[in-house]
Amino acid sequence: KFNTEEVLKTPRISGSINIDISKCKPCLICEKTCPRNSLKAEIKIPKKEDLVKYEGEVWAEGEIKINLDKCIYCGLCEILCNAIKIEWIDKPTPPEFKIANGIMINEDKCDYCELCKEICPTEAISVKCFKSAPRTIAKPEIKGKITVDTGNCIWCGLCVDKCPQKAIEAKKPFTGEIRIVKPEKCDPSGCKNCFNLCPLNLFYITKTPSESRIKVADRYCIYCGACVNACPYDVLKVNRFGFNIEENKPWNQSYIEIYMKLIDKYKPKIIEYPIRKLVKPTEKAILREIGEVVQPPVEFGRIRERMDKLEELISNRAVRILIERGETKRLNSLGRAIHQK
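Under the working numbering, the final residue of the sequence shown carries the number 471; numbering is consecutive throughout.
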């Protein structure tokens, strides 16, 4: 059956995001990275207190260290144990988009059970337990999933780069580029229109001397053009090279022609209609068309001669006056006089 609702549905320019469940090892990185809060991580890890069981008094001696060069701030150790605290950044900023400033350990709460070491995906935690009270330690099992708010996600791809398992794929609605074309006119100390309007907070002020006082993390730009429209001095330029149609169908071509106007340097196709050339027919062609030319009869010449004389007579002003008055006798005599001339 023909689905009329599908045909009547207007195609949209849209991006896409997909999470490969087989690759994903649930953590907090994508959730903490997303500038739109479009990703939600649901992590289920038993607390340390439920995994470590002491026979009597609780005590232990040892040491714990975290290699910050290896730590990716996945957040698993913090969920597991109350002795670990990550200093999260509420809104990661460019160019690094760091999600945390550091990680701290309260050794008064740590009993060196080594569970955090066991679940760390990058082996950033080292733990040594010298001695402890009698205890049993169960292995932690990590469960969870990542959900995407598709109504809020704008497919920037930041989560794609930050995911350590490469489990996320994203496709932008547009392909293109953003450039700072008039850096000398930019005054970020007085005007921050681009900073305030960018839906992804991609603009930042350079810390080192450079030609431009602002920069943009262009890798994650979706080329919406909001910054260009907001800039009073035309400092920025966005060029779109192509777009992605959501559920492209054969009957969407008319919409695609409209969307192509958003692409830079697009020139609509000029439809060339065949032009009919008018050729003046030759005398021979005319003769072939009408056939044999019929000669006029002899009487036609005499009629033509009389018509010429009548035309000459009527052109006389005096004759026209006599005709209007109805004076036929005077008209006859005047006509003979003109004829004799």
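Think of the CB as a built atom: it goes at the ideal place given N, C-alpha and C, for glycine as much as any other residue.
Where C259 falls: helix, strand or coil (DSSP):
strand
Could you please give the first and the last residue of the uninterrupted beta strand (DSSP E) stretch that includes I148?
Note that residue 148 is Asn in the sequence shown here, rather than Ile. Start and end: 146–149.
Could you tell me the boundaries of the alpha helix (DSSP H) in which F227 lies?
Here F227 belongs to no alpha helix (DSSP H), and DSSP marks it neither H nor E.
V365 (DSSP reduced to helix, strand or coil)
coil
From L169, K292, N212, E376, pick the residue whose C-alpha is nearest to that of C201; which is it?
K292
G145 versus G281: straight-line alpha-carbon distance, rounded
11 Å
Which of the three DSSP states, helix, strand or coil, is assigned to I433?
helix
Reduced DSSP category for I444 - H, G, I as helix; E, B as strand; rest coil:
helix
Backbone CA spacing between E457 and G431 [nearest angstrom]
31 Å
Where the alpha helix (DSSP H) through A356 begins and ends
356–360
Ignore the nearest five residues each way along the sequence and tell me which others in A263's own chain have a CB closer than 8 Å to its CB.
Y184, E185, G186, E187, V188, W189, A190
Spatial neighbours of E472 in its chain, beta-carbon cut-off 7 Å, leaving aside the 5 residues before and after:
The structure shown does not extend to residue 472, since the chain spans only 131 to 471, so no value can be given for it.
Can S256 and K178 be called in contact, C-beta distance under 8 Å?
no
Helix, strand or coil at L245 [DSSP, three-state]:
helix
Candidates G372, S340, D317, of which the one nearest C354 by Cα
G372
Could you please give the first and the last residue of the uninterrupted beta strand (DSSP E) stretch that includes V346?
344–346
Delimiting residues of the beta strand (DSSP E) encompassing V290:
Not the beta strand (DSSP E): V290 falls in the alpha helix (DSSP H), residues 288–292.
Which partner residues does F333 have in the DSSP bridge list?
V346
Which same chain residues, not among the five before or five after I216, have their C-beta less than 7 Å away from its C-beta?
Y203, G205, E208, A230, I233
What number of angstroms, rounded off, separates the C-alpha of P294 from the C-alpha of T338?
30 Å
Within the continuous alpha helix (DSSP H) that includes E387, where are the two ends?
383–389
Residues of its chain near E193, where Cβ-Cβ distance is below 7 Å and the 5 sequence neighbours each way are ignored:
K258
Sequence-distant residues of its chain with Cβ nearer than 6 Å to I375 (five each side left out)
P141
One question on the structure: do A347 and P224 come within less than 8 Å of each other, judged by their Cβ atoms?
yes
Closest to D199 by C-alpha separation, out of I272, A356, E253, would be which residue?
E253
Which value, in whole angstroms, describes the spacing of the CA atoms of C164 and I335?
21 Å
Residue closest to K269, alpha-carbon to alpha-carbon, out of C157, E244, K239, W218
E244
From I405, K391, R406, pick the residue whose C-alpha is nearest to that of K399; which is it?
K391
Terminal residues of the continuous alpha helix (DSSP H) containing L169?
From DSSP, L169 is part of no alpha helix (DSSP H) but of the beta strand (DSSP E) over 169–174.
Give the C-beta separation of K153 and A356 to the nearest angstrom, bearing in mind that I take them to be a contact with Cβ-Cβ under 8 Å.
Actually they are not in contact, since the Cβ atoms of K153 and A356 sit about 33 Å apart, beyond 8 Å.
So, for K273: in the same chain, excluding its five sequence neighbours on each side, which residues have a beta-carbon less than 6 Å away from its beta-carbon?
K174
Integer Cβ distance of L366 from V278, believed to fall under 8 Å
Wrong, their Cβ atoms sit about 29 Å apart, outside the cutoff.
Pick helix, strand or coil for R309, following the three-state DSSP scheme.
strand
Helix, strand or coil: how does DSSP classify A297 here?
coil
Per-residue burial, L440 [other beta carbons within 10 Å of its own, 16 or more giving buried]:
exposed
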